[in-house]
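Visitor: This is the structure, below, for whatever I ask next.
2 protein chains.
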Amino acid sequence: MHSFSELLTEFELFFGRHSFPKNPASLYEPCSYLLNMGGKRVRPVLCLMSHELFATLNENAWNTATAIELFHNFTLMHDDLMDDAPLRRGFQTIHEKYGHSTAILSGDVMSIFAYEHLNKINTTYIHTVIELFNATAIQICEGQQLDMDFEKRPFVTMDEYMEMITLKTSVLLATSLRLGAVLGGATSGCCEVLYNFGKTLGIAFQLKDDYLDAFGISAETGKQLGGDILSNKKTYLSAKAYEVANNQERIELNDLLNRTDEGKLKDTLAFFQKLNIQSLLQQEIEKYTLQAYELLEKVPVVSRNKVHLHAVADMLLKRDK
Amino acid sequence: MHSFSELLTEFELFFGRHSFPKNPASLYEPCSYLLNMGGKRVRPVLCLMSHELFATLNENAWNTATAIELFHNFTLMHDDLMDDAPLRRGFQTIHEKYGHSTAILSGDVMSIFAYEHLNKINTTYIHTVIELFNATAIQICEGQQLDMDFEKRPFVTMDEYMEMITLKTSVLLATSLRLGAVLGGATSGCCEVLYNFGKTLGIAFQLKDDYLDAFGISAETGKQLGGDILSNKKTYLSAKAYEVANNQERIELNDLLNRTDEGKLKDTLAFFQKLNIQSLLQQEIEKYTLQAYELLEKVPVVSRNKVHLHAVADMLLKRDK
Chain A
1 MHSFSELLTE FELFFGRHSF PKNPASLYEP CSYLLNMGGK RVRPVLCLMS
51 HELFATLNEN AWNTATAIEL FHNFTLMHDD LMDDAPLRRG FQTIHEKYGH
101 STAILSGDVM SIFAYEHLNK INTTYIHTVI ELFNATAIQI CEGQQLDMDF
151 EKRPFVTMDE YMEMITLKTS VLLATSLRLG AVLGGATSGC CEVLYNFGKT
201 LGIAFQLKDD YLDAFGISAE TGKQLGGDIL SNKKTYLSAK AYEVANNQER
251 IELNDLLNRT DEGKLKDTLA FFQKLNIQSL LQQEIEKYTL QAYELLEKVP
301 VVSRNKVHLH AVADMLLKRD K
Chain B
1 MHSFSELLTE FELFFGRHSF PKNPASLYEP CSYLLNMGGK RVRPVLCLMS
51 HELFATLNEN AWNTATAIEL FHNFTLMHDD LMDDAPLRRG FQTIHEKYGH
101 STAILSGDVM SIFAYEHLNK INTTYIHTVI ELFNATAIQI CEGQQLDMDF
151 EKRPFVTMDE YMEMITLKTS VLLATSLRLG AVLGGATSGC CEVLYNFGKT
201 LGIAFQLKDD YLDAFGISAE TGKQLGGDIL SNKKTYLSAK AYEVANNQER
251 IELNDLLNRT DEGKLKDTLA FFQKLNIQSL LQQEIEKYTL QAYELLEKVP
301 VVSRNKVHLH AVADMLLKRD K
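Protein sequence lines, in the order shown, are assigned to chains A and B.
Each residue of the first sequence is one higher than the one before, starting from 1 at the first, in the working numbering.
Each residue of the second sequence is one higher than the one before, starting from 1 at the first, in the working numbering.
The structure is reproduced here in structure tokens:
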């Protein structure tokens with residue numbers, strides 16, 4: 001059993017052994033640039049941690065963890081382009097630095113390298129792992145599509161919003177845990193509860209992200225503060241505001257969405273404050289956090305072996321960036 | 001042994017059984033739209049035809065052929081966006097009809113569905129097939145990157161150009177043939193010569209494409225006539241013109257590249273005519289065509305079993321659209 005930081009160190013070593021070809025540099029340099037920005041590597045470490053609950057870490061687990069992280073970075077590259085995000089982890093995004101076509105093509109090639117690693121999994125597990133991986137990869141695309149579709153609509157319901165973040169964000173955390181367990185030979189029941197733990201953790205994590213986008217500090221998050229509000233992305237805040245608003249307030253919210261002036265961010269935040277959205281969001285984060293811990297309790301493994309997973313949940317949910 | 005049209009009919013039936021989920025329609029409708037445009041389905045049929053040289057068609061072969069066609073369409077979707085092509089097979093391209101983000105994301109999800117089909121290949125072959133498939137997928141991205149890099153340069157050498165089209169176009173035809181043979185249990189020598197036949201056929205095919213872009217008829221090709229010239233894409237024509245031009249003519253060629261006015265296409269074609277490029281290109285197409293037929297001769301299979309492959313080569317190389 002290893003802690004997050006121990007597995008992270010080991011993972012970075014394994015992950016660092018993955019190198020892209022040298023040429024064409026215009027294709028591969030942006031891939032390395034993105035991977036070198038760092039990032040928390042939460043998904044691969046969760047995969048390894050889950051695997052360690054049932055077995056000694058082996059090549060199958062390392063390669064799956066690597067595939068997950070490569071695939072995740074591929075989606076970041078394309079999402080940043082589609083969302084026209086200027087910053088990622090405090091650095092210029094790929095399309096900002098290298099152009100749109102590069103962000104498309106370097107992303108594409110990175111996703112193929114993810115499958116290169118999946119292809120190293122041995123015969124016993126390869127079909128199951130690719131099946132679970134693909135199902136999740138498809139859901140992530142669907143989630144991103146919903147996210148973009150929602151931008152064009154004035155309002156979305158809370159159910160729609162929760163479905164979107166489940167697909168776009170939670171299922172990959174959930175599947176990272178499930179894949180580690182599958183490769184460790186865990187029972188299907190065991191895999192299922194770990195999956196649900198990951199899904200709930202993922203929802204809490206995304207809600208925390210929504211919170212930090214509006215109420216965090218830009219220098220800490222490495223992103224543009226209020227970026228979601230300025231680009232009319234649907235978040236818990238806008239979905240909740242729509243839910244609790246009366247007719248007059250819905251008109252006000254709609255007017256705020258249509259604004260493009262400098263005061264938009266400040267006035268939208270004041271509007272959310274009036275409807276008590278910050279506090280409602282905090283309660284919701286706490287609800288999912290509690291649920292996640294309860295699900296972790298249910299994983300049929302001796303408690304002391306779960307302390308590291310518990311610590312990751314703490315890290316993700318108690319962060320301020 | 002089946003002819004191209006027999007295998008095409010069978011393939012369309014199998015391929016038609018592949019359906020995308022209904023929702024989100026904004027993600028999947030563009031995928032179906034592109035696949036329903038048709039296309040020659042050359043790559044999957046070559047895979048099936050090659051497989052039939054050695055074995056009875058089975059699920060492994062059908063799924064591999066399907067994966068190849070899905071992957072090919074994924075690259076078309078992204079390439080059309082990167083190249084800003086308005087038309088494909090006489091229809092509006094995806095980014096023109098549905099927008100840039102859709103072309104990115106629908107392409108992404110289509111590539112995952114390609115891997116879904118590869119994951120249906122049985123245990124004996126899955127690792128080898130994914131390995132060959134990925135190596136080719138990576139080369140295709142590299143080829144597209146070189147193609148884009150070349151657009152920014154005034155000139156490319158003939159060697160550079162040939163490397164680019166080999167990666168971008170030929171290797172997928174070559175690998176389609178190789179995969180069919182691998183799944184049919186062919187010897188590695190056999191697979192190799194089929195691969196080389198496909199690669200040479202692919203080069204002749206791309207040179208023919210270059211020819212038709214400049215000297216074809218738009219209504220027949222379904223593409224914008226002279227599109228390559230207007231967008232400063234490097235083709236055999238520009239690479240050859242640079243090779244045979246004297247210093248004064250190179251300056252002329254450079255001036256033509258920098259023009260954006262209405263007369264650019266007409267004047268560039270006249271310039272190529274002056275340097276005899278059309279006839280040189282015809283000779284080059286004939287050279288590669290002959291080489292392809294010679295390689296097909298060398299495939300260690302009784303001649304009468306290769307008549308259908310021969311007919312496909314005829315179809316690809318003697319087309320006028």
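Even glycine gets a Cβ: it sits at the ideal position worked out from N, Cα and C.
#1: Determine, using beta carbons only, whether A:ASP108 comes closer than 8 angstroms to chain B.
#2: Based on Cα-Cα distance, which residue from A:GLU59, A:MET162, A:VAL129 lies nearest to B:LEU115?
#3: Could you tell me the alpha carbon to alpha carbon distance between B:THR175 and B:LYS40, rounded to whole angstroms?
#4: Could you tell me whether the region 95-108 of chain B touches the region 53-69 of chain B, where touching means 3 or more Cβ pairs closer than 8 angstroms?
#5: Have a look at B:ILE68 and A:THR124 and give me their C-alpha separation to the nearest angstrom.
#6: Kindly indicate if chain A contains any beta-carbon less than 8 angstroms away from that of B:PRO24.
#7: Nearest to B:VAL182 by alpha carbon, out of B:HIS78, B:CYS47, B:SER19?
#8: Less than 8 angstroms between CB atoms is the rule here; does B:CYS322 satisfy it with respect to chain A?
#9: Report yes or no: do the region 280-287 of chain A and the region 248-268 of chain A share at least 3 C-beta pairs separated by less than 8 angstroms?
#10: Going along the chain, which residues of its own chain have a beta-carbon closer than 7 angstroms to the beta-carbon of A:LEU207, five neighbours each way excluded?
#11: Please state whether the Cβ-Cβ distance between B:ASP147 and B:MET164 is less than 8 angstroms.
#12: In this structure, does DSSP put A:ARG259 in helix, strand or coil?
#13: In whole angstroms, give me the CA-to-CA distance for A:VAL302 and A:ASP108.
#14: Using alpha carbons as the reference points, say which of B:PHE14, B:LEU34, B:HIS100 lies closest to B:TRP62.
#15: Leaving aside the five residues before and after B:TYR28 along the sequence, list all residues of the same chain whose C-beta is less than 8 angstroms from its C-beta, in chain order.
#16: Between the Cα of B:ASP83 and the Cα atoms of B:ASN119, B:PHE91, B:GLN145, which residue gives the shortest distance?
#17: List the endpoints of the continuous alpha helix (DSSP H) containing B:ILE217.
#18: Are any of the Cβ atoms in chain A nearer than 8 angstroms to that of B:HIS78?
#19: Sort out for me which residues DSSP pairs B:GLN92 with in a bridge.
#20: Express the C-alpha separation of A:ILE126 and B:GLU6 in angstroms, rounding to a whole number.
#21: Would you please verify whether the beta carbon of A:LEU127 is less than 8 angstroms from any beta carbon of chain B?
#22: Rounded to whole angstroms, how far is the Cβ of B:ASN60 from the Cβ of A:GLU131, which I believe are closer than 8 angstroms?
#23: Indicate whether the contact test is met: 3 or more Cβ pairs, each with one atom in the region 86-99 of chain B and one in the region 149-162 of chain B, closer than 8 angstroms.
#24: Going along chain A, which residues have a C-beta under 9 angstroms from B:LEU132?
#25: Which of helix, strand or coil does DSSP assign to B:ILE121?
#26: I'd like to know if A:GLU160 contacts chain B, where contact means its C-beta is closer than 8 angstroms to some C-beta of that chain.
#27: For B:PHE205, which residues in the same chain have their Cβ closer than 6 angstroms to its Cβ, ignoring the five residues on either side in sequence?
#28: Beta-carbon within less than 7 angstroms of B:LEU194's beta-carbon, same chain only, minus the 5 sequence neighbours each way: which residues are those?
#29: Cβ closer than 8 angstroms: which chain A residues qualify as neighbours of B:GLN144?
#30: Using the rule of at least 16 other Cβ atoms within 10 Å of the residue's Cβ for burial, across every protein chain shown, is A:LEU290 buried or exposed?
#31: So the alpha helix (DSSP H) B:PHE14 belongs to, where does it begin and stop?
#32: In chain order, what residues of the same chain have a beta carbon less than 6 angstroms from the beta carbon of A:VAL171, not counting five sequence neighbours either side?
#33: Is any beta-carbon of chain B found at less than 8 angstroms from that of A:SER231?
#34: Just the chain A side, please: which residues come within less than 9 angstroms of B:LEU81 by C-beta, in chain order?
#35: Measure how close the beta-carbons of B:PHE271 and B:LEU256 come, nearest whole angstrom, since I'm counting them as under 8 angstroms.
#36: What would DSSP say about A:LYS22, mapped onto helix, strand or coil?
Guide: In terms of the structure at hand:
#1: Within the first sequence, the letter at position 108 stands for residue 108 of chain A. At least one chain B Cβ lies under 8 angstroms of A:ASP108.
#2: Residue 115 of chain B sits at position 115 when you count from the first residue of the second sequence. Checking the displayed sequence, the identity of residue 115 of chain B turns out to be Tyr instead of Leu. Ranking the options by Cα distance to B:TYR115, first place goes to A:VAL129.
#3: Position 175 of the second sequence, counting from 1, holds the residue named residue 175 of chain B. Position 40 of the second sequence, counting from 1, holds the residue named residue 40 of chain B. The straight-line gap from Cα to Cα measures roughly 17 angstroms.
#4: no
#5: Within the second sequence, numbered from 1, the residue matching residue 68 of chain B stands at position 68. Within the first sequence, numbered from 1, the residue matching residue 124 of chain A stands at position 124. One C-alpha to the other measures close to 25 angstroms.
#6: Indexing the second sequence from 1 puts residue 24 of chain B at position 24. Closer than 8 angstroms to some Cβ of chain A, the Cβ of B:PRO24 qualifies, so yes.
#7: Taking the second sequence and counting its residues from 1, one reaches residue 182 of chain B at position 182. If we check each option's Cα against that of B:VAL182, B:CYS47 comes out closest.
#8: Because chain B spans 1 through 321 in this model, residue 322 of chain B falls outside it and cannot be assessed.
#9: no
#10: To locate residue 207 of chain A, count along the first sequence from 1; it is residue 207. Non-local C-beta neighbours of A:LEU207 in its own chain, meaning closer than 7 angstroms and more than five positions away in sequence, comprise TYR236, LEU281, GLU284, ILE285, TYR288, ordered along the chain.
#11: Walking along the second sequence from the start, residue 147 of chain B turns up at place 147. Walking along the second sequence from the start, residue 164 of chain B turns up at place 164. Yes, the Cβ-Cβ distance between B:ASP147 and B:MET164 is below 8 angstroms.
#12: Numbered from 1 along the first sequence, position 259 holds the residue referred to as residue 259 of chain A. Three-state result, A:ARG259: coil.
#13: Translated into the one-based positions of the first sequence, residue 302 of chain A becomes position 302. Translated into the one-based positions of the first sequence, residue 108 of chain A becomes position 108. Their Cα atoms are separated by approximately 41 angstroms.
#14: Here the question's residue 62 of chain B lines up with position 62 in the second sequence. The shortest C-alpha separation from B:TRP62 is found at B:PHE14.
#15: Locating residue 28 of chain B in the second sequence gives position 28, where the first residue counts as 1. Here the set comprises PHE20, PRO21, LYS22, SER106, VAL109.
#16: Walking along the second sequence from the start, residue 83 of chain B turns up at place 83. For B:ASP83, the nearest C-alpha among the options comes from B:GLN145.
#17: Along the second sequence, read from residue 1 onward, the residue named residue 217 of chain B stands at position 217. Careful: B:ILE217 lies outside any alpha helix (DSSP H) and carries neither H nor E.
#18: As a working mapping, residue 78 of chain B is identified with position 78 in the second sequence. Yes, B:HIS78 counts as interfacial toward chain A.
#19: In the second sequence, counting from the first residue as 1, residue 92 of chain B sits at position 92. In the DSSP output, where bridge partners are listed per residue, B:GLN92 has B:LEU87.
#20: Reading the second sequence from its first residue, position 6 is the one you call residue 6 of chain B. Reading the first sequence from its first residue, position 126 is the one you call residue 126 of chain A. About 34 angstroms.
#21: Counting from 1 along the first sequence, the entry for residue 127 of chain A is found at position 127. Leu is not the amino acid found at residue 127 of chain A; the sequence shown has His there. Closer than 8 angstroms: yes.
#22: Taking the first residue of the second sequence as 1, we reach residue 60 of chain B at position 60. Taking the first residue of the first sequence as 1, we reach residue 131 of chain A at position 131. Actually they are not in contact, since the Cβ atoms of B:ASN60 and A:GLU131 sit about 17 angstroms apart, beyond 8 angstroms.
#23: no
#24: Locating residue 132 of chain B in the second sequence gives position 132, counting from the first residue. None at all; the shortest Cβ gap to chain A is about 10 angstroms.
#25: As a position in the second sequence, residue 121 of chain B is number 121, starting the count at 1. Of the three classes helix, strand and coil, the one that applies to B:ILE121 here is coil, per DSSP.
#26: Numbered from its first residue, the first sequence carries residue 160 of chain A at position 160. False, the Cβ-Cβ gap to chain B never drops below 8 angstroms.
#27: Indexing the second sequence from 1 puts residue 205 of chain B at position 205. Here the set comprises LEU316.
#28: Mapped onto the second sequence, residue 194 of chain B falls at position 194. SER50, LEU177, ARG178, ALA181, VAL299, listed in sequence order.
#29: The count along the second sequence starts at 1 and reaches residue 144 of chain B at position 144. Chain-order list of chain A residues neighbouring B:GLN144: LEU105, by C-beta distance under 8 angstroms.
#30: Locating residue 290 of chain A in the first sequence gives position 290, counting from the first residue. Under this definition A:LEU290 is an exposed residue.
#31: The residue you call residue 14 of chain B lines up with position 14 of the second sequence. Unbroken alpha helix (DSSP H) run through B:PHE14: 4-17.
#32: Sequence index remark: in the first sequence, residue 171 of chain A carries index 171 (1-based). For A:VAL171, where only same-chain residues beyond five positions count, the Cβ hits under 6 angstroms are THR136, GLN139.
#33: Sequence index remark: in the first sequence, residue 231 of chain A carries index 231 (1-based). It does not; no Cβ of chain B falls within 8 angstroms.
#34: Numbered from 1 along the second sequence, position 81 holds the residue referred to as residue 81 of chain B. Neighbours of B:LEU81 on chain A, chain order: HIS100, SER101, ILE104.
#35: Within the second sequence, numbered from 1, the residue matching residue 271 of chain B stands at position 271. Within the second sequence, numbered from 1, the residue matching residue 256 of chain B stands at position 256. Rounded, the Cβ-Cβ distance is 6 angstroms, consistent with contact.
#36: What you label residue 22 of chain A is simply residue 22 of the first sequence in a count that begins at 1. Three-state result, A:LYS22: coil.
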